[in-house]
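Residues in the sequence shown are numbered from 9 upward in steps of one, following the working numbering.
Even for Gly, the Cβ is constructed at its ideal location relative to N, Cα and C.
Input: a single structure, listed below in structure tokens.
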Amino acid sequence: MTNLRRIAFATLAAPLALALAACSDDAAEGDLAGEPVAEVAPPAGSTWAEQVSRTDEGGWLIGNPDATIHLVEYGSPTCPACANFSVNATQSLHADYIESGRINFEFRPVPVHGLIDVIIIRLLDCGPDSAAIPMADQLWAANAEVTGNFQANGPALEQAFNLPPEQRFGAVAEAGGLIDFFAARGMSRDQATVCLSDPEAIQALIDRMQTQNDADNVTSTPTFFLNGQRLNDTGWTAIEPALQRAGARPAE
9 MTNLRRIAFA TLAAPLALAL AACSDDAAEG DLAGEPVAEV APPAGSTWAE QVSRTDEGGW
69 LIGNPDATIH LVEYGSPTCP ACANFSVNAT QSLHADYIES GRINFEFRPV PVHGLIDVII
129 IRLLDCGPDS AAIPMADQLW AANAEVTGNF QANGPALEQA FNLPPEQRFG AVAEAGGLID
189 FFAARGMSRD QATVCLSDPE AIQALIDRMQ TQNDADNVTS TPTFFLNGQR LNDTGWTAIE
249 PALQRAGARP AE
């Protein structure tokens, strides 16, 4: 992942349908057990959903930063399985768990689909921290549209790829409809273009993600960690009970 040209070539040449399968390991989710955790009130005049910060691991953390329970998702912005989790989990995860102050949630991006993901993650990086997770959810909700735009514009993308690095990423984003997508959600076209015109910053982003993914042995998306332990399953029907076993439940 350390070579931008290799990433770009692989992304333009390979079908997006070849998404990596969700990974699993031998971690026993039944071992995640804890006493019920009390609710924690947010700062006065605010909600926990409004508390968003960047982490040292390169993610975005939403909710009570001191929460006892910490859920991490390694996800790709164009991953169908990540989109499925977002669609099924977001409302309950936020309303029933994050807003209780019992847990926080961290999204750590993984560019499994090469240049397309790198561009999206870079655009998220350039926006306000508070917008990153909601924007990722909107990208997942529009997954078929976002990936379809790239699949339908191969010639324009190949032409964009041949431009100098300072122009390449913005041109690819333009050809794939990402500039318009982000503009409709608050990031101006000029801001997006400037964001994507710094190949050194993009390379640094790639290197940072590679280092973090290697540290946690993340090879596919989505991959979840609950209080540092990798979870076997990736669907909300499995993640929610794991949160409850870890203590995200009222006292009986």
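Consult DSSP for residue i and reduce its assignment to one of helix, strand or coil.
i, result
"Gly178", "helix"
"Ala35", "Reliability of the predicted coordinates at Ala35 is poor, the pLDDT of 39 falling under 50, and no value is obtained from them."
"His102", "helix"
"Leu147", "helix"
"Leu171", "coil"
"Leu186", "helix"
"Leu204", "coil"
"Arg238", "strand"
"Ala18", "Reliability of the predicted coordinates at Ala18 is poor, the pLDDT of 46 falling under 50, and the value obtained from them is presented with this limitation in mind. Helix at Ala18."
How far does the alpha helix (DSSP H) with residue i in it extend, from its first residue to its last?
i, result
"Pro117", "Counting along the chain, Pro117 falls outside any alpha helix (DSSP H), though it belongs to the beta strand (DSSP E) covering 111–117."
"Thr242", "Unbroken run through Thr242: none, as it is neither H nor E."
"Leu131", "123–134"
Decide if residue i is buried, meaning its Cβ has at least 16 other Cβ atoms within 10 Å, or exposed.
i, result
"Ser32", "With a pLDDT of 36 at Ser32, under the threshold of 50, the predicted position of this residue should be treated as unreliable, though the coordinate-derived value follows. Answer is exposed; the Cβ neighbour count stays below 16."
"Val202", "exposed"
"Gly67", "buried"
"Thr231", "buried"
"Asp34", "Only weak support is given to the placement of Asp34: the predicted model assigns it a pLDDT of 37, under 50, and the question is left unresolved by the model."
"Glu215", "Note that residue 215 corresponds to Asp in the displayed sequence, not to Glu. Label assigned to Asp215: exposed."
"Arg197", "exposed"
"Gly109", "buried"
"Arg62", "exposed"
"Pro136", "exposed"
"Glu81", "buried"
"Asn151", "buried"
"Leu251", "buried"
"Cys125", "Residue identity check: residue 125 is Asp in the sequence provided, not Cys. By the neighbour-count rule (16 or more Cβ atoms within 10 Å), Asp125 is buried."
"Ala103", "exposed"
"Gln99", "exposed"
"Ser84", "buried"
What are the boundary residues of the beta strand (DSSP E) that residue i is part of?
i, result
"Phe227", "Phe is not the amino acid found at residue 227; the sequence shown has Thr there. Note, Thr227: premise wrong, no beta strand (DSSP E); not H, not E."
Using beta carbons (cut-off 8 Å, strictly below), is residue i in contact with chain C?
i, result
"Ala160", "In summary, chain C is missing from the structure at hand, where a single protein chain is found."
Should residue i be listed as close to the ligand HEM, given that the test is whether its C-beta is under 7 Å from any heavy atom?
i, result
"Pro44", "This structure lacks the ligand HEM; in fact it carries no ligand of any kind."
Problem - contact_flag[the segment 53–64, the segment 85–100] where n(CB pairs < 8 Å) is 3 or more - result: The segment 53–64 is not in contact with the segment 85–100.
Practice task
Starting from the N-terminal side, write out each stretch of the beta strand (DSSP E) that is 3 residues or longer and does not extend beyond the segment 52–93.
Solution key: Correct list: 60–62, 68–71, 77–83.
Problem - the segment 181–192 / the segment 112–121 touching (three or more Cβ pairs under 8 Å) - result: Cβ pair count under 8 Å is below three, so no.
Exercise for the section: Would you check if there are 3 or more beta carbon pairs closer than 8 Å linking the segment 167–187 to the segment 206–224? Expected result: Touching, per the Cβ criterion.
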